[in-house]
Amino acid sequence: MKTCSCSESDLPALIKPNEDLLRKYVESVIKPRKQEKVLKILVDHSVAHPSSFKSKTITKEKLLKWGLSDGIVAQLRDNVSVFEETSHYISVTILLQQHTTQ
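The numbering used here numbers the first residue of the sequence shown as 491 and each following residue consecutively.
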């Protein structure tokens, strides 16, 4: 049996559902008049975190079948990394980690 000599920091982070963070993401990349419709579609399909758009399971084709337009799909899929690098994403993530460890 092989054992991993890697530290916990080398392991990928578990993506915990966070609809508040998903809302902030949608608000940052989708025009205001379309935000609620987009959020409803995403929540109806159990998308609960911006990182879900990096998933190989949630494909462009799948998002289009859900009723999202090409432009919205592009916005959602192409801006995740930029959003994750913003101070807002980092501060929300830190607050959530502190809350779950208490």
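Every residue gets a Cβ at the ideal spot worked out from N, C-alpha and C, and that includes glycine.
It should be emphasised that the depicted structure is a prediction, and the values quoted were computed from it without experimental measurement.
Fully contained in the segment 509 to 539 is no beta strand (DSSP E) run of length 3 or more. The Cβ atoms of residue 570 and residue 544 sit closer than 9 angstroms to each other. In this structure, the beta-carbon distance from residue 505 to residue 541 falls below 9 angstroms.
In chain order, 519 and 520 place their CB closer than 8 angstroms to the CB of residue 565, counting only its own chain and leaving out the 5 sequence neighbours on each side. Cβ neighbours of residue 513 within its own chain (closer than 7 angstroms, five residues either side excluded): 529. Around the beta carbon of residue 572, a 10 Å sphere encloses fewer than 16 other beta carbons of the protein chains shown; the residue is thus reported as exposed.
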